[in-house]
Structure formats: C-alpha cells, structure tokens
Amino acid sequence: MSAPLRRAQQGNTESGNGTPPVQRRPRASAAGNNSNNNSTSASTTSTTTSNSARRTTATASTAASSSSIPSRPKPSSSAQAAPAPPNNGIPFRNTGNQKEYFQIYQNLQNLVKARSDADKPRIFVFTDVEQDYDDLLAIIFLAEMHRMGAIELVGFVANHQPAEKRVNFLRTVLQLLNLGHIPVGQGTPGVEDLSKHTFDFYYGLKNATFAGGPWNRNRAPPASTLIPQVLAANRGKEVTALMLSSLQDIGEFFYQQKKKADFHDGNFAKCVSQGGYEVSVETVPPATTSASRGGRATTANNRPKTVVKIAPTPKVTNNEFHMTQARNYHDCLATYRMPSDGYSKNLAMASRLSGTFMTSLFDIGPIGAHLEWLWMRLEFKFYWDPFNWPFLPHLNVDWYLNTRLGLAPNSPEAAEIRRAGGLPFHAAAPKIKVLAYDLCAAMGATGDDFMRSLGIMAPENQMPPYNRAAHRHRIFGAAPGDLGGIDPSRLSTVMEAFVLGGLLASQRHANQLIPRDSVQHTPVKSKIKLPIFHDKIAMRNHATRQAELAKAAAEADAAGKKQTARRLQQDADSEGAEARKLEEKIKKAEKVTKVTMPNRGEIPYEELYQEAMRGIRG
Numbered sequence: 000m001s002a003p004l005r006r007a008q009q010g011n012t013e014s015g016n017g018t019p020p021v022q023r024r025p026r027a028s029a030a031g032n033n034s035n036n037n038s039t040s041a042s043t044t045s046t047t048t049s050n051s052a053r054r055t056t057a058t059a060s061t062a063a064s065s066s067s068i069p070s071r072p073k074p075s076s077s078a079q080a081a082p083a084p085p086n087n088g089i090p091f092r093n094t095g096n097q098k099e100y101f102q103i104y105q106n107l108q109n110l111v112k113a114r115s116d117a118d119k120p121r122i123f124v125f126t127d128v129e130q131d132y133d134d135l136l137a138i139i140f141l142a143e144m145h146r147m148g149a150i151e152l153v154g155f156v157a158n159h160q161p162a163e164k165r166v167n168f169l170r171t172v173l174q175l176l177n178l179g180h181i182p183v184g185q186g187t188p189g190v191e192d193l194s195k196h197t198f199d200f201y202y203g204l205k206n207a208t209f210a211g212g213p214w215n216r217n218r219a220p221p222a223s224t225l226i227p228q229v230l231a232a233n234r235g236k237e238v239t240a241l242m243l244s245s246l247q248d249i250g251e252f253f254y255q256q257k258k259k260a261d262f263h264d265g266n267f268a269k270c271v272s273q274g275g276y277e278v279s280v281e282t283v284p285p286a287t288t289s290a291s292r293g294g295r296a297t298t299a300n301n302r303p304k305t306v307v308k309i310a311p312t313p314k315v316t317n318n319e320f321h322m323t324q325a326r327n328y329h330d331c332l333a334t335y336r337m338p339s340d341g342y343s344k345n346l347a348m349a350s351r352l353s354g355t356f357m358t359s360l361f362d363i364g365p366i367g368a369h370l371e372w373l374w375m376r377l378e379f380k381f382y383w384d385p386f387n388w389p390f391l392p393h394l395n396v397d398w399y400l401n402t403r404l405g406l407a408p409n410s411p412e413a414a415e416i417r418r419a420g421g422l423p424f425h426a427a428a429p430k431i432k433v434l435a436y437d438l439c440a441a442m443g444a445t446g447d448d449f450m451r452s453l454g455i456m457a458p459e460n461q462m463p464p465y466n467r468a469a470h471r472h473r474i475f476g477a478a479p480g481d482l483g484g485i486d487p488s489r490l491s492t493v494m495e496a497f498v499l500g501g502l503l504a505s506q507r508h509a510n511q512l513i514p515r516d517s518v519q520h521t522p523v524k525s526k527i528k529l530p531i532f533h534d535k536i537a538m539r540n541h542a543t544r545q546a547e548l549a550k551a552a553a554e555a556d557a558a559g560k561k562q563t564a565r566r567l568q569q570d571a572d573s574e575g576a577e578a579r580k581l582e583e584k585i586k587k588a589e590k591v592t593k594v595t596m597p598n599r600g601e602i603p604y605e606e607l608y609q610e611a612m613r614g615i616r617g
C-alpha cells in the first residue's frame, strides 16, 4: 500500500508487541478453475531498485475508497522493529482481535505436548520457490511449525529451471527464518522439454538482496546426493516427502529405489503432494485351471486380486511439468503401497485468503518486503493477460473473475464487468483472493492429529469413506463440492494465523540479517516502448474485430439479411480504418516499412505494472 493510502487509512495495533490487528475477511467461493501461472515475460534487466523507494501496492483505488485495504502499522528497518515472542512462544496476545490466533497457537502447544517425539512429522520439501508466491507462504508456515516443535524440517530441494537461483533465494529465506542449518539441494530443471518453457518471469527471482549473502557462497549439493544422505541420517524415523513443484526429482529418486531389493529401504514413509491424482481400484479375475470333469477350479493362491492404480491428474501444472516422471512417481505409490495424500486446486479455491490479509504481511521484515514485490506483480500479470492477451484460450476474463476475484460466472457483478468491457486494475485489486495451493498441502503434511486438533479435518467417523484411515491413498478436493473432510473456512483461518505468526516471530532476527528497507529488486526492462506497445495491441484488436465483423456480415448476407449485412460491413470498415491509422502511426514512430507485432516474451509487464500503479496513486 502506498504511503498516502497508509496515512489516509491509518489503523491501530495492539500496543506493546508490534502485532498487526487480525484482519477478518469475507469467505471465498469454492467454485472455479485454476492455471498455476504458466506464462512468460522477457527482456533485459535494468538497474537495481530499492524496495523502500517503491512502496506502492495496488490494493486500493484511492485513499478515500471505502473498498481500500486497511492499513498496517508503520514498519521500521531497525533490528528492534518488534520484540521477540513471549516466553510461551506465541506471537499474539490473548485479547481483542488477536485472541482467535492466540487460541490457535494454544491448541498447537497442547498437541505438541501430547505427542511423542516419534509422532512428530519429519518433512523433506521439494519446491520451485519463486515460481509464484504460494511456495514462500508454505515455507513460512513450515518454519513456524518447526519453531513451535510441531514438525522437524530435515531438508529441501529447490528445483525447476533455473534451479541454482532458486537454491540461493531459498537459503536466504531459511536464514531469515532461523533455519539456516537445514540442508538444501539443487534439483533438476523440472521439465520434460526445456524448449517449451521460458523461465524468466518478470516477477520471480528478481530479489538482488536475497541472491547474495555468505550462506550462498558455496554451491549446493545435487538433489540426487542430498536426498539419500538425509534419509540415511534419519534412518529409523519416518520422513514425509512434501511435493510442491515438479515431480522430476522424486520420480528419479524412486527410479533408483526400484533397483533395490526393497523399495522402502532408505525411502520416504509417506508422500504429500500439491496437484492431484486419480485413484482407481480394479478387480482382476483369477486365472483358472482345468478340473477333472472339464470344469474350472480356483486354487487358494489363484483368487481375484484387487489392483490399485494411481494416475496424475491431467492439466495440473506440477504433473504437466514432467509427465513421464509424474507417471513414474504415481505408479510407485500404487505398486509399492506407499501412503500418500494429494491436495488439489479445489481445496485451495475453497479456502482462499483475502488480499487484505496478504497486504498485512508486507511491512513485516525483509520477507514481507519481498512478498509485496512478488505478489503484486504476479497478480497484475494474472489481471493483464485475460483482459488483453490471454495466455491460453481458457485463461480468459471469466477465468480471472472466478479464480482471482471469487466471482461466479453468472453473478451480477461479473455480468456488469463484461458489459463494461472490463475493469481497471485499481478496481480489481481490492477484490483479489489469495490462492495458497502449496500452503494447503504443507498444512496436510503436519499430520491428521494437527488438522483435527485445530478443527480443520473432520473426525475419523465423519470422513468420507475414500479418505478414512484404511485407505492408503487419499485426495483432498476431488471436486469443488467434495473437499475430503476438510473445513475450508477453518483451514484459511489457521493458515492466516501461522503465516502471520511466523513472520512476526522471526522479524527481529530477519531485520538483523537484512533490514527490511534494504531489500532491493532488479526489475525487468522491456525492449519495446510502452506507447508503441499500446498502439500495437490496439491495432491488433481493431484488425481482429474487423475480421469478426466482416465474417458476420458475410453470414448475414448469405442468410438474406441485407440491411444487417450492410451495417456489419460498415462497422468492419470502421475497425479496419482505425487499424490502418495505428499502423501508419507505428511505422512512423519506429521508422520501419512494416509493423512487427510483439511476441508474448516482449510484453512490457513491468512498465505496464508501473503505469497501473501511477493510476492508483493518482
């Protein structure tokens, strides 16, 4: 939120502990579709920019807007920005609007006391951190669970091209969260066909400050080396693999395990994944042998067999990145009877967080500063593409309104936006819902007792049959109306409590390492000038509209609707004239004889984002 908006909406905090007030939010719709952000941006890198010089976020239209996002307490770059959590480790007070979060922490402490050390989940995480923002939210949560003694983090793999940059970013984040001792391995490129993927998003891996640090001087070990080392160090303990990214690394590890006499020797005990799979159970008829009288006999060892098959859900990003290894991973789950949980997009859609909550994190230490950079730019891209140049046909305006703003396609508000031909970013921003896909899966990895003690998962006798303890492979969010025994409202409340609490608890230490206002990002600078880009997009749109109207005119004429055909053709001619006018303007500006249209990699997202922000600032 920009400084003028903060001053106009200055709120109160609980005095004495620097804790922002708990923001309650409206519930999000459970319906909708998802695409986990497969798009590209290109170009050259410009000079590094200080975050403190760019303190603007698109969370409201004007300072006086009633729909604007409430302000947060003014941050400080001092190492004394917030005191350490009280002796009980809870970063909230048992009073006022912090009381609900305080009680959530108390429930967690009671669970930790009741658990034996053997029951504590040991978690190894696979992440493509910076591919979007939900990996970072999941890591903040997991770090807080580690601090509170609810889990033990034993290792990370950062994969997905460029994996080395993701490793360095992740190691800095872990340092800021007091987890610098946790080993991090460098994973695979994460995709089956490198030629089909462009990895230089304009929003991710642009944190110049987090890329450095003494902890990043040495190269991380390869994932193929680190995974067996960590499992060997935890022999005799059950380690859960938490997959938040491409399944290439876990798939390749399983491939090596299949060469052993015992697949389970030195392997993970359970797998939890974000994405989804489909479980099918088949009964295989027995083979038969001839009986003495020509009949068929079934021996004791030749009875019908039940065969469980698991297939990766298609069109799910983490599966699609490397489908060969996704199939191998899921085949191994079924073949070797390895317990697994899958968390799908439907659960994330039903438990969306509000943009209000997200912006409440921005002022909390260097990680909050980075979240502001990352989240706002990613959300702007999600906004710009559907209204201007959809990345895929189904990622259109209806997809945006439903997925990002939580508006049902047939809602009056969605219909009004369509009639108006869209809405400006400043009007969309306050309505944004936060899809925390990876955070949902991370919550599940902490164990059923954790989920039940906090009121997230139904009691065993109230779970749907396919998700009860007797079933080895569970799925949460099989359909929009079937979440597998999870209360989405409670899930989102608990996610908020622990993400906010995790940043508050680590704020003092993080600011000592990297003062919040020292965080610098290196924005992408486009090769195309913004006014010319606007003209080219407008020219393309006029030409497209001309072709559509001309086709409609021809169809009307063929149907004998002469008057309608003439009107449509006149409109087509008008669109064509506008396209030609812009074409001549562009030729003159670029001093060329032929206009070359930009490709997707040349979209000047950073300049478009800054333009939108200037509009919000007025």
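The opening residue of the sequence shown carries number 0 in numbering that gives the first Met the number 0; numbering runs sequentially from there.
The C-beta atom is built at its ideal place from N, Cα and C for all residues, glycine as well.
Closer than 6 Å by C-beta to residue i: which residues in its own chain qualify, once you throw out the five before and the five after it? Chain order, please.
{"i": "ASN167", "result": "ALA210 and ASN215"}
{"i": "VAL307", "result": "VAL280 and ALA333"}
{"i": "ARG23", "result": "Caution applies to ARG23, whose pLDDT of 45 falls short of 50 and renders its modelled position unreliable; the value that the coordinates give is listed next. Within the same chain, ARG23 has no close Cβ partners at all."}
{"i": "GLN105", "result": "none"}
{"i": "TRP372", "result": "HIS520"}
{"i": "ASN37", "result": "Because ASN37 sits at a pLDDT of 38, beneath the cut-off of 50, its placement in the model cannot be relied upon, and the following sentence gives the value as read from the coordinates. The answer is none, since no qualifying residue turns up."}
{"i": "PRO220", "result": "GLY184"}
{"i": "GLY341", "result": "SER272, GLY275, TYR276 and ILE474"}
Please list, in chain order, all residues of the same chain as residue i whose beta carbon is under 7 Å from its beta carbon, the five residues on each side excluded.
{"i": "TYR608", "result": "ARG376 and PHE379"}
{"i": "GLY212", "result": "THR171 and GLN174"}
{"i": "ILE513", "result": "LEU175, THR208 and PRO365"}
{"i": "PRO603", "result": "SER525, ILE527, LEU529 and PHE532"}
{"i": "ALA555", "result": "THR563, ALA564 and LEU567"}
{"i": "TRP374", "result": "TYR132 and MET357"}
{"i": "SER64", "result": "Any reading at SER64 must be qualified, since the residue scores a pLDDT of 33, below 50, and its modelled position is unreliable; the value itself is stated next. Taken in chain order, the list of residues that qualify is empty."}
{"i": "ALA435", "result": "ASP133, LEU136, ALA347, LEU352 and MET494"}
{"i": "GLY446", "result": "PRO120"}
{"i": "LYS590", "result": "none"}
{"i": "PHE449", "result": "LEU110 and ALA149"}
Taking the continuous beta strand (DSSP E) assigned at residue i, which residues delimit it?
{"i": "ILE474", "result": "472 to 475"}
{"i": "THR282", "result": "276 to 283"}
{"i": "TYR342", "result": "339 to 343"}
{"i": "GLN185", "result": "183 to 185"}
{"i": "LEU204", "result": "Per DSSP, LEU204 belongs to no beta strand (DSSP E) and is neither H nor E."}
{"i": "VAL238", "result": "238 to 242"}
{"i": "ILE122", "result": "121 to 126"}
Could you spell out where the alpha helix (DSSP H) holding residue i opens and where it closes?
{"i": "GLU582", "result": "561 to 589"}
{"i": "MET147", "result": "Run containing MET147: none; DSSP gives neither H nor E here."}
{"i": "MET596", "result": "Unbroken run through MET596: none, as it is neither H nor E."}
{"i": "ALA553", "result": "529 to 557"}
{"i": "ALA619", "result": "In the structure as shown, the chain starts at 0 and stops at 617, and residue 619 therefore has no counterpart that could be examined."}
{"i": "GLU371", "result": "364 to 387"}
{"i": "ALA413", "result": "411 to 418"}
{"i": "GLU154", "result": "Here residue 154 is Gly; the residue named in the question, Glu, does not match the sequence. Where GLY154 is concerned, there is no enclosing alpha helix (DSSP H), although the beta strand (DSSP E) it sits in stretches over 151 to 157."}
{"i": "ILE602", "result": "Segment: none, ILE602 is in no alpha helix (DSSP H) and carries neither H nor E."}
{"i": "GLU129", "result": "First-last for GLU129: undefined, no H or E at that position."}
{"i": "ASN401", "result": "396 to 402"}
{"i": "GLN255", "result": "247 to 256"}
{"i": "ASN109", "result": "98 to 113"}
{"i": "GLN174", "result": "162 to 175"}
Might you give, ordered along the chain, the residues of its own chain that have their beta carbon closer than 8 Å to the beta carbon of residue i, omitting 5 neighbours on each side?
{"i": "GLY614", "result": "PRO423, PHE424 and HIS425"}
{"i": "ALA232", "result": "VAL153"}
{"i": "TYR100", "result": "VAL21, PHE91, GLU495, ALA496, LEU499 and GLY500"}
{"i": "ILE226", "result": "PHE123, GLY154, VAL156, GLY184, ASP248 and PHE252"}
{"i": "GLN102", "result": "ASN93"}
{"i": "LEU169", "result": "THR126, VAL128, ILE138, PHE155, ALA157 and VAL183"}
{"i": "PRO188", "result": "ASN158, HIS159, GLN160, ALA162 and GLN247"}
Would you mind giving the Cβ-Cβ distance between residue i and residue j, rounded to the nearest angstrom? I have them listed as a contact below 8 Å.
{"i": "ILE309", "j": "TYR335", "result": "In fact, because the Cβ distance is near 11 Å, the residues do not count as touching under 8 Å."}
{"i": "LEU581", "j": "ASP534", "result": "5 Å"}
{"i": "ALA440", "j": "GLN273", "result": "4 Å"}
(message) With three or more beta-carbon pairs closer than 8 Å as the criterion, would you say the region 533 to 549 touches the region 507 to 523?
(response) no
(message) Runs of 4 residues minimum, wholly inside the region 420 to 479: which ones carry the alpha helix (DSSP H) assignment?
(response) 424 to 427, 436 to 444 and 447 to 452
(request) Determine, using beta-carbon pairs with one atom in the region 401 to 417 and one in the region 107 to 114, whether at least three such pairs fall under 8 Å. (result) no
(message) Whether or not the region 474 to 491 and the region 450 to 466 are in contact is what I'm after, with contact meaning three or more pairs of Cβ atoms, one per stretch, closer than 8 Å; do they touch?
(response) yes
(request) Spell out a yes or no on whether the region 313 to 333 and the region 184 to 202 are touching, meaning 3 or more CB-CB pairs, one atom from each, closer than 8 Å. (result) yes
(request) Count the C-beta pairs between the region 248 to 259 and the region 135 to 147 that are closer than 8 Å, then say yes if the count reaches three, no if not. (result) no
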